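Residue numbers (our numbering), protein chains in the order written: chain A, 8 to 121; chain B, 3 to 117. Where is the CB? At the ideal position from N, CA and C, for every residue including glycine. Nothing here was measured: the structure is a model prediction, and the numbers come from that model. This report concerns only the one structure given below.
So, in structure tokens, the structure goes:
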């Protein structure tokens, strides 16, 4: 069964600094990978997804992620963090594009210092 | 496209009562709906998968008699928490399966507090 590991429970960065959130997955074939953001008390918003093709994926809000098959990773990055980026970030994997359930990592809470 | 409306956003109920949560797909038809539960400071765990016109499939450890799921139409799926107890307090989120779209969308979630 597929699984997702987000090694960092909590990350604190200063506003304007760069950000990288780590995500490792376990799945035999090429997975469908997603990053979501969740503000307190809110639902999930899709930041970006990877299905195939270019391994560097651009998302909304200036985020990008890179799929590295050799490392089974799909790390999320942003060159300059804004205070409004403070939230919980979830990496998720699915075995198919839209017809199978998502398996989520445990999330990384991002705090942004002024 | 792929807008999901989930109601209510917050509900407080007394122990022993039942609460119904609705999830509507507004601009598409969802043959399958996933229901997730999120504990405080925890990740989302799939509770069950509902399919229009048939019985839901529950994940291991989820009580099907407590969490009743109905998917009577292609645009509406409901989750009813029956005889609620404080330990059922949680954040519940629905997500439709959209085979023709890439990616998943989620409802805005329902914060259930049982007192």
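Starting from the C-beta of residue i, find all residues in its chain whose C-beta is less than 7 angstroms away, skip the five residues before and the five after it, and write them out in chain order.
| i | result |
| --- | --- |
| residue 121 of chain A | 22, 90 |
| residue 102 of chain B | Because residue 102 of chain B carries a pLDDT of 48, less than 50, the predicted location of this residue cannot be relied on, and the following value inherits that uncertainty. Once the five neighbours on either side are set aside, residue 102 of chain B has no close Cβ partner at all. |
How would you call residue i, buried or exposed, if buried means at least 16 neighbouring beta carbons within 10 angstroms?
| i | result |
| --- | --- |
| residue 92 of chain A | buried |
| residue 109 of chain A | buried |
| residue 8 of chain B | buried |
| residue 27 of chain A | exposed |
| residue 90 of chain B | buried |
| residue 78 of chain A | exposed |
| residue 56 of chain A | buried |
| residue 28 of chain B | exposed |
| residue 23 of chain B | buried |
| residue 40 of chain B | buried |
| residue 19 of chain A | exposed |
| residue 67 of chain A | exposed |
From the options, pick the residue whose C-alpha is nearest to that of residue i; which is it?
| i | options | result |
| --- | --- | --- |
| residue 118 of chain A | A/39, A/15, A/76, A/98 | A/15 |
| residue 19 of chain B | B/85, B/108, B/89 | B/85 |
| residue 9 of chain A | A/24, A/20, A/31, A/18 | A/31 |
| residue 53 of chain A | A/36, A/72, A/38, A/59 | A/72 |
| residue 61 of chain A | A/69, A/49, A/76, A/68 | A/76 |
| residue 53 of chain B | B/83, B/116, B/99, B/115 | B/99 |
| residue 5 of chain A | A/100, A/84, A/101 | The structure shown does not extend to residue 5 of chain A, since chain A is modelled only from 8 through 121, so no value can be given for it. |
| residue 98 of chain A | A/87, A/80, A/88 | A/80 |
| residue 29 of chain A | A/41, A/19, A/13, A/47 | A/13 |
| residue 74 of chain A | A/41, A/87, A/49 | A/41 |
| residue 107 of chain B | B/37, B/21, B/10 | B/37 |
Among the residues of its own chain, which have a CB less than 6 angstroms from the CB of residue i, if the five just before and after it don't count?
| i | result |
| --- | --- |
| residue 109 of chain B | 6, 8, 25, 95, 96 |
| residue 95 of chain A | 45, 114, 116 |
| residue 51 of chain A | 43, 45 |
| residue 69 of chain A | 85 |
| residue 88 of chain B | 116 |
| residue 101 of chain A | 39, 107, 109 |
| residue 93 of chain B | 40, 111, 113 |
Once you ignore the five residues that flank residue i on each side, which residues in its own chain have a CB closer than 8 angstroms to its CB?
| i | result |
| --- | --- |
| residue 66 of chain B | 50, 58, 60 |
| residue 59 of chain A | 37 |
Shorter than 6 angstroms, the distance from the beta carbon of residue i to the closest heavy atom of the ligand ATP, or not?
| i | result |
| --- | --- |
| residue 62 of chain A | This structure lacks the ligand ATP; in fact it carries no ligand of any kind. |
contact_flag[the region 15 to 34 of chain B, the region 73 to 81 of chain B] where n(CB pairs < 8 angstroms) is 3 or more: yes
Would you call the region 44 to 62 of chain B and the region 13 to 24 of chain B touching, i.e. three or more CB-CB distances under 8 angstroms? no
Which residues, in chain order, does the region 105 to 117 of chain A contribute to contact with chain B at a C-beta distance below 9 angstroms? 105, 106, 107, 108, 109, 110, 111, 112, 113, 114, 116
Mind listing which residues of the region 46 to 70 of chain A have their C-beta closer than 7 angstroms to chain B's C-betas, in chain order? 48, 49, 50, 51, 53, 56, 58
Taking any Cβ of chain A, which residues in the region 45 to 56 of chain B have a Cβ under 9 angstroms from it, in chain order? 45, 46, 47, 48, 51
What residues in the region 106 to 117 of chain B have a beta carbon less than 9 angstroms from any beta carbon of chain A? 106, 107, 108, 109, 110, 111, 113
Against chain B: residues of the region 82 to 99 of chain A by CB proximity under 7 angstroms: 97
Please name the residues in the region 32 to 44 of chain A whose beta-carbon is closer than 9 angstroms to at least one beta-carbon of chain B, in chain order. 39, 41, 43
Could you list the residues in the region 4 to 26 of chain B with a C-beta less than 8 angstroms from some C-beta on chain A, going in chain order? 8
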